[in-house]
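For reference, the structure discussed in these notes is given below.
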Amino acid sequence: MKFLKKRWLWSLLSILILSLTLIGCELKLENGHLVIVDNETQENGVFLLHFADIHLATDPEIADIFGGTIPAVETTDKAVQQVLDYNPDVFIQTGDIVAHAEDRDLDTAENWFILAKEHVRDPIVDNHIAFLYAPGNHDRAGIKLTGVDTADPRYDEGLILQYLDIGKEKVYYSYDKGDYHFVVIDPEELPETGYRVVSLPEEQLNWLKSDLEANKDKFIIISYHQPLGSWTEESYQEFMNVIEPYKDNIILLAGHTHDNRVIYRNGIPEYQDGAVCGDWWQTGKTPDGNPIGYAIYYLKDHEVHRFYKAIDSDKQINLLAPVDVTISGEVPAEFNIYDEGKNITSVCYEIDGNLKDCFNVSKVDTPKIDWYHVTGTINVPINDGDLHHVTIVATAQDGSTLSKDLLCKFSEEKIMPIADIIDDYNFENFYGRFVKVDAVITAVMASGNLLTLQDDTGSIVVWAGDCHHPEFKVGDKVRLRGQVTQFKGTKELKLVSQEDVEIYDHVDLENLVVELENIKQAYDQYDTLENKIVKTSGVVTAIFGNLVFIQDDTQGIALWLGEITAPSLELGDKITVKGGLTKYNGMVEIVPLNDEDLTIDGTQSVPDPKEITLAEIDSNYGTLVVIKNVEVTSVTSSKIYVSDGNNQLTIYCGKAGFNPTGIVTTGDKIDVTGVVGYYGDEPQIYPRSIEDIVVVENSENTPSVIELNQIKDAYEQYATLENKTVKVSGTVTAVFGNLVFIQDESQGIALWLGSIDAPEISPGDILEVKGTLTQYNGMVEIVPATDEDVQKAGTTNVPEPKEITIEDVEANYGTLVTIENVEVTSVTSSKVVVSDGNSNLTIYCGKAGFDLSELVWEGAKVNITGVVGYYRTEPQIYPRNAEDLEVIPQ
Numbered sequence: 007m008k009f010l011k012k013r014w015l016w017s018l019l020s021i022l023i024l025s026l027t028l029i030g031c032e033l034k035l036e037n038g039h040l041v042i043v044d045n046e047t048q049e050n051g052v053f054l055l056h057f058a059d060i061h062l063a064t065d066p067e068i069a070d071i072f073g074g075t076i077p078a079v080e081t082t083d084k085a086v087q088q089v090l091d092y093n094p095d096v097f098i099q100t101g102d103i104v105a106h107a108e109d110r111d112l113d114t115a116e117n118w119f120i121l122a123k124e125h126v127r128d129p130i131v132d133n134h135i136a137f138l139y140a141p142g143n144h145d146r147a148g149i150k151l152t153g154v155d156t157a158d159p160r161y162d163e164g165l166i167l168q169y170l171d172i173g174k175e176k177v178y179y180s181y182d183k184g185d186y187h188f189v190v191i192d193p194e195e196l197p198e199t200g201y202r203v204v205s206l207p208e209e210q211l212n213w214l215k216s217d218l219e220a221n222k223d224k225f226i227i228i229s230y231h232q233p234l235g236s237w238t239e240e241s242y243q244e245f246m247n248v249i250e251p252y253k254d255n256i257i258l259l260a261g262h263t264h265d266n267r268v269i270y271r272n273g274i275p276e277y278q279d280g281a282v283c284g285d286w287w288q289t290g291k292t293p294d295g296n297p298i299g300y301a302i303y304y305l306k307d308h309e310v311h312r313f314y315k316a317i318d319s320d321k322q323i324n325l326l327a328p329v330d331v332t333i334s335g336e337v338p339a340e341f342n343i344y345d346e347g348k349n350i351t352s353v354c355y356e357i358d359g360n361l362k363d364c365f366n367v368s369k370v371d372t373p374k375i376d377w378y379h380v381t382g383t384i385n386v387p388i389n390d391g392d393l394h395h396v397t398i399v400a401t402a403q404d405g406s407t408l409s410k411d412l413l414c415k416f417s418e419e420k421i422m423p424i425a426d427i428i429d430d431y432n433f434e435n436f437y438g439r440f441v442k443v444d445a446v447i448t449a450v451m452a453s454g455n456l457l458t459l460q461d462d463t464g465s466i467v468v469w470a471g472d473c474h475h476p477e478f479k480v481g482d483k484v485r486l487r488g489q490v491t492q493f494k495g496t497k498e499l500k501l502v503s504q505e506d507v508e509i510y511d512h513v514d515l516e517n518l519v520v521e522l523e524n525i526k527q528a529y530d531q532y533d534t535l536e537n538k539i540v541k542t543s544g545v546v547t548a549i550f551g552n553l554v555f556i557q558d559d560t561q562g563i564a565l566w567l568g569e570i571t572a573p574s575l576e577l578g579d580k581i582t583v584k585g586g587l588t589k590y591n592g593m594v595e596i597v598p599l600n601d602e603d604l605t606i607d608g609t610q611s612v613p614d615p616k617e618i619t620l621a622e623i624d625s626n627y628g629t630l631v632v633i634k635n636v637e638v639t640s641v642t643s644s645k646i647y648v649s650d651g652n653n654q655l656t657i658y659c660g661k662a663g664f665n666p667t668g669i670v671t672t673g674d675k676i677d678v679t680g681v682v683g684y685y686g687d688e689p690q691i692y693p694r695s696i697e698d699i700v701v702v703e704n705s706e707n708t709p710s711v712i713e714l715n716q717i718k719d720a721y722e723q724y725a726t727l728e729n730k731t732v733k734v735s736g737t738v739t740a741v742f743g744n745l746v747f748i749q750d751e752s753q754g755i756a757l758w759l760g761s762i763d764a765p766e767i768s769p770g771d772i773l774e775v776k777g778t779l780t781q782y783n784g785m786v787e788i789v790p791a792t793d794e795d796v797q798k799a800g801t802t803n804v805p806e807p808k809e810i811t812i813e814d815v816e817a818n819y820g821t822l823v824t825i826e827n828v829e830v831t832s833v834t835s836s837k838v839v840v841s842d843g844n845s846n847l848t849i850y851c852g853k854a855g856f857d858l859s860e861l862v863w864e865g866a867k868v869n870i871t872g873v874v875g876y877y878r879t880e881p882q883i884y885p886r887n888a889e890d891l892e893v894i895p896q
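Encoded structure:
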């Protein structure tokens, strides 16, 4: 009877929820109680969520590109689920939704856009939430890639329109939600500025002017990627002239900086809303010290209520003021506080553990989430120049507390010695807040946006690329206020506003150049030489584009030549170089700042590689070495992992641009030649070419290439064949760019040809293929390593599709199949889910690039033809074209 009562209550509750939904109401959880919210009360309001930069890619790619450790797809899924839970009126994503599409091959970029579509766009659109997207500088496919096919429809904004702005003809547009007018624009990077500065094209500016005039009676929200500080002065002023007539009814949303802040542009707020990826998936926080997250907005009656929400936290104190480390007198204080399910009754502050005073607390009540806005004053009792702990303590009605500690310097003197800033304890506690320095510029890089400052106590890097600023020159003396942050482990300040820097003098720094006695001195005395200008000579031992290695009789070192127009270099060139001594991803390097800082003095023979053991790596950074008779423990498309039984080492082949999977296999004994580099937290060897890898003994006499009797062996023997080089033949059944499927009489398999220059391939071609047997997102595939690994052996008819049921799918991976008379249960632009009454199956049309939603509908009965693939946790069928989907007449 008790069970029946519970069922009755749940049935009644379900009917209540449905009834409330039909009459325009919803239920909201508040302090443990369900509260009915009348949506009619929101008639003049709009609830929206904003995601800034995501930089989505697979976890191995995140680690390789950014050195990231946070699981990108899993974390993004969690954030998107929170969007669905909040069910906002509008969702906005302001670009850099994928990792680095601008300088990767188009196939890799397309895989990332498929991820973005499936994990961000589709869940939001499928839940009937408006999806608005402003492209980022890392989203334009291939625009910085040498040799890219610019006629490929995926190039530049092609993938954006195919996978995100589906159905749109342009990447700028507007959208209305009640009395709120949303505008998306797309300023373009200028190549002549090193892609550091953007400008709004005249076509968009004219469109924007007309669009705003036509909607002048509405509240306006304009979204774009790069904040206005990254725009040219001319474009900035033209844009401001267009929007200023609406300044009382407009806000701006941007991304790009990964920081959480608001900057007022002639009284108009520009919100920069952190980043879902934080500091590129490295630490779980943004460069300004906030947790990874997104922004929540509730706009009503011309008021903007904004809260930055952490993805992984149900309680937080967001500091709005004071943001400077050094404070004195009466200091305005402002915070936003969120403690899920709690009523905050008081917020006070302590100084060094002693209670001082309390603030004003007001509740911000929105239809989906509540938080508390706190304002008041912190009274600094003494200006003693020392560091003090100011602790903010929020107390809830149930007596629980939430606190945030600020380490502050009590002083009227705002200038802080650099040594105090870079002190490990101070740096951690100052992180995300602002300090002011008085120093000399000793280096200017990155088109004038990356500086090194030095005072009498130390030196620090400054990033100035996110705002307008004066032209900086080596020798300028500056007073600069910057935000304490880090980039890939390097402590630095970020210049946020041009008003925060003053050039007040200039000195000649030529006498500050340190001439090294030898290259080894750069390592031995790095702590004192860091960020100073040094001068040395050596012989070129390796060239990887702008990354060059030189060495003398003592050691080698890396040079980064991306800041200058360097002369054409060859192995054996004797050069003299002057530049800043620094680290990038842990690797010590010299960065020349001017073209004349590198000269070629002659040529000689390249030094013979120094024979070392794995245990001696750490004393040979930058040096050309050879390590003999080490065992391969695993292989990927860019790395070889080796061991001598006691030590392990990564051989990174990505610098030289070759795939080692066709050269070595697990268990092989090899000799490796290359220069010793460093990445993240580990030394690596960078071979200069494929010839630097020599197999001296195959593993257990296993042939280096295993010829399969049939394709089915690749699946049945996968556990023993994984990452080994196999050879097989088959007929081409499907071609999706670099993803090709072949099959023989036993089964089919995928080929990934993105690492080679493959011949033109068509269905019916007979291919002989050699490559590494591996998996990508769960799908078994063969990856050839060289152009010669794929050979055409003739042509024949494409095999007839094998008729199977959904239950048979897992026994037919890679095979061309047909499944008849299944019912469509859901439809998106790229996917159809079908059912036979017992099992479901996803039909993914993104590979072939056509829109299913115009062809089928829920409830339709269909016949499906395609190859059987796999994605992450489920098998899928990939139709080759729209004709592979046949609707059965009812």
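By this note's numbering, the letter at position 380 of the sequence shown is numbered 386, and the numbering carries on one by one without gaps. Each residue gets a CB set at the ideal place from its N, CA and C atoms; glycine is no exception.
Between the Cα of residue 331 and those of 830, 237, 601 and 435, spot the shortest distance and give me the residue it belongs to.
-> Taking the sequence shown and counting its residues from 1, the one referred to as residue 331 is at position 325. Among 830, 237, 601 and 435, the Cα nearest to that of residue 331 belongs to 435.
Buried or exposed: residue 542, going by 16 or more other Cβ atoms within 10 Å of its Cβ?
-> If you number the sequence shown from 1, residue 542 lands on position 536. By the neighbour-count criterion, in which a residue is buried when 16 or more other Cβ atoms sit within 10 angstroms of its Cβ, residue 542 is buried.
Hey, how far is the Cα of residue 483 from the Cα of residue 231?
-> The count along the sequence shown starts at 1 and reaches residue 483 at position 477. The count along the sequence shown starts at 1 and reaches residue 231 at position 225. Between residue 483 and residue 231, the C-alpha separation is close to 33 angstroms.
Cβ neighbours of residue 70 in the same chain (closer than 8 angstroms, five flanking residues each side left out) = On the sequence shown, residue 70 is found 64 positions in, with the first residue counted as 1. So the qualifying residues of the chain are 644 and 660.
Let me know the secondary structure DSSP gives residue 418 once reduced to three states.
-> Counting from one through the sequence shown, the residue named residue 418 turns up at place 412. Residue 418 falls in the coil class under three-state DSSP.
Apply the 10 Å Cβ neighbour rule to residue 35 and answer buried if 16 or more other Cβ atoms are within range, or exposed otherwise.
-> One-based indexing of the sequence shown puts residue 35 at position 29. With a pLDDT of only 41 at residue 35, under 50, the local geometry of the prediction cannot be trusted, and the value read off the model is given with reservation. Exposed, by the Cβ-count rule.
Residues that residue 467 bridges to, as DSSP identifies them | Residue numbering aside, residue 467 sits at position 461 when the sequence shown is read from its first letter. Paired residue(s): 458 and 498.
Pull up the CB-CB distance for residue 442 and residue 486, whole angstroms please, since I reckon it's below 8 angstroms.
-> Numbered from its first residue, the sequence shown carries residue 442 at position 436. Numbered from its first residue, the sequence shown carries residue 486 at position 480. Indeed, because the Cβ distance is near 7 angstroms, the residues count as touching under 8 angstroms.
Check each candidate in 146, 77, 172 and 185 and name the one with the smallest Cα separation from residue 194.
-> By one-based count along the sequence shown, residue 194 stands at place 188. The candidate whose alpha carbon is nearest that of residue 194 is 146.
Do you know whose CA, among 241, 558, 775 and 514, lies nearest residue 474's CA?
-> Along the sequence shown, one-based indexing puts residue 474 at 468. With respect to the C-alpha of residue 474, the residue from 241, 558, 775 and 514 having the closest C-alpha is 241.
Would you call the CB atoms of residue 674 and residue 632 closer than 8 angstroms?
-> Start at 1 with the first residue of the sequence shown, and residue 674 comes out as number 668. Start at 1 with the first residue of the sequence shown, and residue 632 comes out as number 626. No.
Per DSSP, which one or two residues make a beta bridge with residue 402?
-> For the purposes of this step, residue 402 is identified with residue 396 of the sequence shown, where counting begins at 1. In DSSP, residue 402 forms a bridge with 350.
For residue 865, which residues from the same chain have a beta carbon less than 8 angstroms from its beta carbon, with the 5 sequence-adjacent residues on both sides left out?
-> As a position in the sequence shown, residue 865 is number 859, starting the count at 1. Around residue 865: 829 and 830.
Look up residue 2 in the DSSP assignment and say whether it is helix, strand or coil.
-> Nothing about residue 2 can be read from this structure; the chain reaches only from 7 to 896.
So what's residue 689 in DSSP terms, helix, strand or just coil?
-> Start at 1 with the first residue of the sequence shown, and residue 689 comes out as number 683. DSSP places residue 689 in strand when its eight states are reduced to three.
Would you call residue 819 buried or exposed, if buried means 16 or more other Cβ atoms sit within 10 Å of its Cβ?
-> Along the sequence shown, read from residue 1 onward, the residue named residue 819 stands at position 813. Residue 819 comes out buried.
Taking the Cβ atom as the reference point for each residue, do residue 515 and residue 470 lie within a distance shorter than 8 angstroms?
-> Position 509 of the sequence shown, counted from the start, is the residue given in the question as residue 515. Position 464 of the sequence shown, counted from the start, is the residue given in the question as residue 470. The answer is no: Cβ separation not under 8 angstroms.
Less than 8 angstroms between the CB atoms is what I'm expecting for residue 140 and residue 101, so what's the real figure, rounded?
-> Mapped onto the sequence shown, residue 140 falls at position 134. Mapped onto the sequence shown, residue 101 falls at position 95. About 5 angstroms separates the beta carbon of residue 140 from that of residue 101, a gap short enough to meet the 8 angstroms contact definition.
Chain-order list of residues whose beta-carbon lies under 7 angstroms from that of residue 529 (same chain, five-residue window excluded) = As a position in the sequence shown, residue 529 is number 523, starting the count at 1. Excluding residues within five positions, the ones whose Cβ falls inside 7 angstroms are 561, 594 and 627.
For residue 817, which of helix, strand or coil comes out of DSSP?
-> Counting from one through the sequence shown, the residue named residue 817 turns up at place 811. It is helical.
Determine, using beta carbons only, whether residue 573 and residue 584 come nearer to each other than 8 angstroms.
-> What you label residue 573 is simply residue 567 of the sequence shown in a count that begins at 1. What you label residue 584 is simply residue 578 of the sequence shown in a count that begins at 1. Not a contact, by the Cβ cut-off of 8 angstroms.
Where are the beta strand (DSSP E) runs, 3 residues long or more, that stay fully inside the region 44–106, in chain order?
-> If we require 3 residues or more, the beta strand (DSSP E) runs fully inside the region 44–106 come out as 51–57 and 96–99.
How many angstroms separate the CA atom of residue 57 from the CA atom of residue 301?
-> The residue labelled residue 57 in the question sits at position 51 within the sequence shown. The residue labelled residue 301 in the question sits at position 295 within the sequence shown. One Cα belongs to residue 57, the other to residue 301, and the distance between them is close to 7 angstroms.
Separation of residue 552 from residue 581, as counted between CA atoms = Counting from one through the sequence shown, the residue named residue 581 turns up at place 575. Counting from one through the sequence shown, the residue named residue 552 turns up at place 546. Straight-line Cα distance between these residues: approximately 15 angstroms.
Return the CA-CA distance between residue 743 and residue 153, expressed in angstroms with no decimal places.
-> What you label residue 743 is simply residue 737 of the sequence shown in a count that begins at 1. What you label residue 153 is simply residue 147 of the sequence shown in a count that begins at 1. Spanning the two alpha carbons is a distance of roughly 17 angstroms.
Neighbourhood of residue 82 by C-beta distance below 8 angstroms, restricted to the same chain and skipping five residues each side = Indexing the sequence shown from 1 puts residue 82 at position 76. Taken in chain order, the residues that qualify are 60, 62, 125, 126 and 282.
Please report how far the alpha carbon of residue 351 lies from the alpha carbon of residue 368, in whole angstroms.
-> Sequence index remark: in the sequence shown, residue 351 carries index 345 (1-based). Sequence index remark: in the sequence shown, residue 368 carries index 362 (1-based). Looking at the two C-alpha atoms, the distance is approximately 9 angstroms.
Note down the Cα distance separating residue 382 from residue 309, rounded to an integer number of angstroms.
-> Start at 1 with the first residue of the sequence shown, and residue 382 comes out as number 376. Start at 1 with the first residue of the sequence shown, and residue 309 comes out as number 303. Looking at the two C-alpha atoms, the distance is approximately 21 angstroms.
Give me the Cβ distance between residue 323 and residue 410, rounded to the nearest whole Å; I'm assuming they're in contact under 8 angstroms.
-> If you number the sequence shown from 1, residue 323 lands on position 317. If you number the sequence shown from 1, residue 410 lands on position 404. Confirmed, Cβ separation roughly 4 angstroms.
Simplified DSSP state of residue 136, which is helix, strand or coil | Mapped onto the sequence shown, residue 136 falls at position 130. If DSSP states are grouped into helix, strand and coil, residue 136 belongs with the strands.
How is residue 856 classed by DSSP in three states: helix, strand or coil?
-> Here residue 856 is taken as the residue at index 850 of the sequence shown, counted from 1. In this structure, residue 856 counts as coil in the three-state DSSP scheme.
Can you have a look at residue 680 and say buried or exposed, based on whether 16 or more other CB atoms are within 10 angstroms of its CB?
-> For the purposes of this step, residue 680 is identified with residue 674 of the sequence shown, where counting begins at 1. Burial check for residue 680: the Cβ neighbour count within 10 Å reaches 16 or more, so the residue is buried.
Cross-strand partners of residue 595 (DSSP beta bridge) = Working through the sequence shown from its first residue, we reach residue 595 at position 589. Answer by DSSP bridge pairing, in chain order: 564 and 588.
Could you tell me if residue 118 is buried or exposed, where buried requires 16 or more neighbouring beta carbons within 10 angstroms of its beta carbon?
-> Residue mapping note: residue 118 aligns to position 112 of the sequence shown, counting from 1. So residue 118 counts as buried.
Using 8 angstroms as the threshold, is the region 789–796 in touch with the region 847–858, meaning 3 or more CB pairs across them?
-> Result no; under three Cβ-Cβ pairs closer than 8 angstroms.
Between the C-alpha atoms of residue 108 and residue 192, what's the straight-line distance to the nearest angstrom?
-> If you number the sequence shown from 1, residue 108 lands on position 102. If you number the sequence shown from 1, residue 192 lands on position 186. So the alpha carbons of these two residues sit roughly 15 angstroms apart.
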